[in-house]
Amino acid sequence: MLRILIADDHDVVRSGLRSVLETRVDWNIVAEARDGKEAIQLVNQTTPDIVIVDYGLPVINGIEVTRQIRARHPQVEILMFTMHDDEALIAQALEAGVRAYLLKSDAQAYLLAAVEALAVHKPFFTGQISETLLKSFLSNRPGDRKDALAPRERIVVQLIAEGHSNREISEILHVSIKTVEAQRASAMRKLQLTSTAALVRYAIRNKFIQP
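Residues 1 to 211, numbered by our numbering, are exactly what the sequence shown covers, in order.
In structure tokens form, the structure reads like this:
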């Protein structure tokens, strides 16, 4: 029995994924998570074989969720199921440990094929994602923009944009407030921003959060 966990903040998406996946009698949905923190907690509790995760999760985004899951459970395979086809994001997802990447606009058949591939520990990418990665490689750009933030800076920016205080962010990420302040300052310096409002606008424009 293949054990699968779904992490997406939209009820309709989770329901749709469940209905497709449950057409396979040998696949079992062991848990559903509405945000990144809950996803990590449920993985620790249920130890699934595969986690299907959206990038735009509240509290902790899909990249950081992947990184934390892979650090503690390296045998767990991660499928990123998202609306974002940005090459920098794909590159970060792969670096974090994602082994299959699907767009929410892809056909349902791709979802089944991706889970089947991960079940035997093989990667899966659609033609569109493969083309994006190939273009990035051929243009000699690994996927990181000049103004791209470090992974932890990205999640700090996301949490700031979601309205969390420095203290709340330190508790979510299990780091000191000084570390949060340093990462916040570093992100603003890299982005040449001078206010929290500008940082929030940047986060919305670059799809760290949904407006």
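Cβ coordinates follow ideal geometry from the N, Cα and C atoms, glycine included. All values derive from a computational prediction rather than experimental measurement.
Where does Ala-31 sit, in a helix, a strand or coil, going by DSSP?
-> In the three-state reduction of the DSSP assignment, Ala-31 falls in the strand class, which pools E and B.
Which residues in the same chain have their Cβ closer than 7 angstroms to the Cβ of Leu-138, if we skip the five residues on either side of it in sequence?
-> Model confidence at Leu-138 stands at a pLDDT of 47, short of 50, so the residue's coordinates are unreliable; what they give is reported in the following sentence. So the list is empty, once near-sequence residues are dropped.
Can you tell me whether DSSP reads Arg-3 as helix, strand or coil?
-> strand
Own chain residues within Cβ distance below 7 angstroms of Leu-42, not counting five before or after = Leu-5, Ala-31, Ala-33
Helix, strand or coil for Ala-203, going by three-state DSSP, please let me know.
-> When secondary structure is reduced to three states using DSSP, Ala-203 falls in the helix class.
Please confirm whether Glu-153 and Asn-166 have their CB atoms less than 8 angstroms apart.
-> Remark: C-beta atoms of Glu-153 and Asn-166 do not approach each other more closely than 8 angstroms.
Inter-residue Cα distance where the pair is Trp-27 and Val-200 = 40 angstroms
Just to confirm, does Ile-60 get its C-beta within under 7 angstroms of one of the non-hydrogen atoms of the ligand ADP?
-> The ligand ADP is absent from the structure shown, which contains no ligand whatsoever.
Using DSSP bridges, identify the partner residues of Glu-64.
-> Bridge partners of Glu-64: none, in fact.
Pairing CB atoms from the segment 82 to 89 with CB atoms from the segment 108 to 115, are three or more of them under 8 angstroms?
-> no
Beta-carbon contacts of Ala-96 that lie in its chain and below 6 angstroms, excluding the five residues immediately before and after = Ile-63, Thr-66, Arg-67
Run through DSSP, which three-state label would Ala-100 get?
-> strand
N-terminal and C-terminal residue of the alpha helix (DSSP H) that Glu-168 is part of = 166 to 173
Where Ile-60 and Ile-155 are concerned, what is the direct C-alpha to C-alpha distance, given to the nearest angstrom?
-> 7 angstroms
Where Asp-9 and Gly-56 are concerned, what is the direct C-alpha to C-alpha distance, given to the nearest angstrom?
-> Looking at the two C-alpha atoms, the distance is approximately 8 angstroms.
Complete runs of the alpha helix (DSSP H) confined to the segment 39 to 88 [at least 4 residues] = 62 to 72
Expressed to the nearest angstrom, what Euclidean distance is found between the alpha-carbon atoms of Thr-196 and Phe-208?
-> For Thr-196 and Phe-208, the distance between alpha carbons rounds to 15 angstroms.
Quick one: using the 10 Å Cβ neighbour count with 16 as the cut-off for buried, is Arg-14 buried or exposed?
-> Under this definition Arg-14 is a buried residue.
Identified DSSP bridge partners for Phe-124 | In the DSSP output, where bridge partners are listed per residue, Phe-124 has Ala-100.
Go ahead and pull the three-state DSSP assignment for Leu-179.
-> The sequence given here has Thr at residue 179, not Leu. Thr-179: helix per DSSP, three-state reduction.
In angstroms, rounded to a whole number, what distance separates the CA positions of Pro-58 and Val-120?
-> 30 angstroms
Can you tell which of Ala-148, Glu-22, His-174, Arg-99 has its C-alpha closest to the C-alpha of Thr-126?
-> Arg-99
Cβ-Cβ separation, Ala-7 to Val-76 (assumed contact under 8 angstroms), whole Å | Actually they do not touch by this definition, with Cβ atoms about 12 angstroms apart.
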